[in-house]
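Let me begin by presenting the structure, written as structure tokens, before commenting on it.
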């Protein structure tokens, strides 16, 4: 079962001409108003209408809310107390899903035809005229748009941007047309409500209809009956506003709409459209800020996750480096121990070398002493050889004479020795060998050749 669709009617008193001027400026989409809720591409779909009114032979535009209310009051011949409201605005809204394009037609074709006939009859009898906002602005550039609501809707959609086309595609203009005609006929039939003008806003998110009326009543005095303008008389009490909702629910019941749930049940608080839009914008801003903060939080969490991963990687690298440092320290300690052992070995070697150098020094000294002793001995031998050579020279004459007289083999050997002595007298190193050789070959003693003493 689908959700119920509601219709509501909000009453807003029009205080004075200034207030009415604000309503007119808003209807014309002018002034310093916040128009962010209005779609510029659909501004040609703002329609105003009402009775033909003239002030000093000058036609009053249906967008001129103040002029229409004042002139309607004048035509009624009604009196308005000082500081009293000049009129009322009835704002009709429905659930946004009511205008959805997929929904079936509201009425049968013959019912739609009958409704259009009644509305056209009202326009003729009351002298109503209709005016679109682009016509009010005299924006006649390009091809003129159709006057019919449904045809104009399609024409505007063809010219609009992509976002507007998508939004308009979700709305059925025929349902808007039937709903607006139904309400205008119902308001025109109410007693003591005189329609001054009305405006159908189709450039906002949800289409809505504003009907500006001059509520009046017959005041009976002692001498006459006077027509008086009074919003308080019709809408000044709570039960009257509740009856207003009941009435619009009955009017729109054939269209599948029902009265809104009373505030006594929902405890809902009414907000003006400006306040409501401001709240919605604030909610949207808060949602956007929350989304931005969520996105920032997500990005921050992602950044923190990457940093945690990077930190863990750094910690792992640091642990590896610390392990490497510990390993290097262990290696350094081992090297230090090896170096200490090496130093000890080198120290031992130095001691050994020192002792060796001492021994070598002692050996050197001993060898030097032996060398000196050998040199001394050699010097002694040289002296002895020189002495021997001297003896030999002294005895050569005797030996030569003796040897000349002997022809034996030994004498010949001795002669050879004497000849060698003559040859090698300057080569003292070979004399001992020759003497030894001579001793082995002769029986003559050598001591006979020595110098006595």
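Residue numbers (the working numbering): 33 to 485. Note that beta-carbon positions come from the ideal geometry of N, C-alpha and C, so glycine has one too.
Next on the checklist: Any contact between the stretch 117-135 and the stretch 239-253? By contact I mean 3 or more CB pairs, one from each, below 8 angstroms.
Outcome noted: yes
Next on the checklist: Just to confirm, is the Cβ distance from residue 56 to residue 97 under 8 angstroms?
Outcome noted: Residue numbering aside, residue 56 sits at position 24 when the chain shown is read from its first letter. Residue numbering aside, residue 97 sits at position 65 when the chain shown is read from its first letter. Yes, these two residues count as a Cβ contact at 8 angstroms.
Item to check | Status (buried if at least 16 other CB within 10 Å, exposed otherwise) for residue 371 | outcome: Numbered from its first residue, the chain shown carries residue 371 at position 339. Burial call: exposed.
Checklist entry - How big is the Cα-Cα spacing for residue 95 and residue 166? => result Reading the chain shown from its first residue, position 63 is the one you call residue 95. Reading the chain shown from its first residue, position 134 is the one you call residue 166. Taking the Cα positions, residue 95 is about 12 angstroms away from residue 166.
Next on the checklist: I'd like to know whether the C-beta atoms of residue 318 and residue 43 end up nearer to each other than 8 angstroms.
Outcome noted: In the chain shown, counting from the first residue as 1, residue 318 sits at position 286. In the chain shown, counting from the first residue as 1, residue 43 sits at position 11. In this structure, residue 43 does not lie closer than 8 angstroms to residue 318 by Cβ.
Checklist entry - Which residue's Cα is closest to the Cα of residue 137: 190, 203 and 158? => result The residue given as residue 137 occupies position 105 in the chain shown. Taking each of 190, 203 and 158 in turn and checking the Cα distance to residue 137, the smallest one comes out for 203.
Next on the checklist: So, for residue 273: in the same chain, excluding its five sequence neighbours on each side, which residues have a beta-carbon less than 8 angstroms away from its beta-carbon?
Outcome noted: Looking up residue 273 in the chain shown gives position 241. Excluding residues within five positions, the ones whose Cβ falls inside 8 angstroms are 43 and 267.
Item to check | Residue environment, residue 228, which counts as buried when at least 16 other CB atoms sit within 10 Å | outcome: Counting from one through the chain shown, the residue named residue 228 turns up at place 196. Residue 228 is buried by the Cβ-count criterion.
Checklist entry - In the stretch 239-288, which residue ranges form an unbroken beta strand (DSSP E) of at least 3 residues, counting only runs that do not cross its ends? => result 240-252 and 257-261
Checklist entry - Quick one: any contact between the stretch 154-163 and the stretch 69-83, if contact means 3 or more CB pairs under 8 angstroms? => result yes
Checklist entry - Between the beta-carbon of residue 85 and the beta-carbon of residue 70, is there less than 8 angstroms? => result Counting from one through the chain shown, the residue named residue 85 turns up at place 53. Counting from one through the chain shown, the residue named residue 70 turns up at place 38. Result no, Cβ atoms of residue 85 and residue 70 do not sit closer than 8 angstroms.
Item to check | Extent of the continuous alpha helix (DSSP H) run through residue 187 | outcome: The count along the chain shown starts at 1 and reaches residue 187 at position 155. Unbroken alpha helix (DSSP H) run through residue 187: 181-191.
Next on the checklist: If you reduce the DSSP assignment to three classes, tell me which class residue 568 lands in.
Outcome noted: The chain is shown only over 33 to 485; residue 568 falls outside these bounds and no answer can be derived.
Checklist entry - Using 8 angstroms as the threshold, is the stretch 48-62 in touch with the stretch 191-207, meaning 3 or more CB pairs across them? => result no
Next on the checklist: Residues in the same chain with beta-carbon distance under 6 angstroms from residue 73, minus the five sequence neighbours each way, listed in chain order, please.
Outcome noted: As a working note, residue 73 is residue 41 in the chain shown. Cβ neighbours of residue 73 beyond the five flanking positions: 192, 193 and 196.
Checklist entry - The beta strand (DSSP E) spanning residue 46 covers which residue range? => result Sequence index remark: in the chain shown, residue 46 carries index 14 (1-based). That run of the beta strand (DSSP E) goes 37-46.
Checklist entry - Are residue 231 and residue 117 close, meaning C-beta to C-beta below 8 angstroms? => result Working through the chain shown from its first residue, we reach residue 231 at position 199. Working through the chain shown from its first residue, we reach residue 117 at position 85. Contact flag unset, no.
Item to check | CB contact flag (residue 234, residue 208, <8 angstroms) | outcome: Residue numbering aside, residue 234 sits at position 202 when the chain shown is read from its first letter. Residue numbering aside, residue 208 sits at position 176 when the chain shown is read from its first letter. Contact flag set, yes.
Next on the checklist: Output needed for residue 39: all residues of its chain with C-beta closer than 6 angstroms, excluding positions within five of it in sequence on either side, in chain order.
Outcome noted: One-based indexing of the chain shown puts residue 39 at position 7. Once the five neighbours on either side are set aside, the close Cβ partners of residue 39 are 126, 280, 284 and 289.
Next on the checklist: Helix, strand or coil for residue 294? Go by DSSP, reduced to three states.
Outcome noted: Working through the chain shown from its first residue, we reach residue 294 at position 262. Looking at residue 294 - three-state DSSP - the assignment turns out to be coil, as it is neither helix nor strand.
Item to check | Nearest neighbour of residue 206, chosen from 338, 176 and 139 [CA to CA] | outcome: Reading the chain shown from its first residue, position 174 is the one you call residue 206. Cα-wise, what sits closest to residue 206 is 139.
Checklist entry - Of the choices 355, 119, 75 and 182, whose alpha-carbon is the least far from that of residue 133? => result By one-based count along the chain shown, residue 133 stands at place 101. Among 355, 119, 75 and 182, the Cα nearest to that of residue 133 is on 182.
Item to check | CA-to-CA distance, residue 220 to residue 63, given in whole angstroms | outcome: Counted from its first residue, the chain shown places residue 63 at position 31. Counted from its first residue, the chain shown places residue 220 at position 188. Roughly 31 angstroms separates the two Cα atoms.
Checklist entry - Under three-state DSSP, which class holds residue 366? => result Indexing the chain shown from 1 puts residue 366 at position 334. In the displayed model, residue 366 falls within a helix according to three-state DSSP.
Checklist entry - Are residue 269 and residue 259 close, meaning C-beta to C-beta below 8 angstroms? => result Residue mapping note: residue 269 aligns to position 237 of the chain shown, counting from 1. Residue mapping note: residue 259 aligns to position 227 of the chain shown, counting from 1. No, the pair does not count as a contact, with Cβ atoms beyond the cut-off.
Next on the checklist: Can you confirm whether residue 341, when its beta carbon is compared against all beta carbons of chain D, has any partner nearer than 8 angstroms?
Outcome noted: Among the chains in the structure shown there is no chain D, since it carries only a single protein chain.
Item to check | Of the listed residues 150, 271 and 264, nearest to residue 212 (C-alpha basis) | outcome: What you label residue 212 is simply residue 180 of the chain shown in a count that begins at 1. With distances taken between Cα atoms, residue 212 lies closest to 150.
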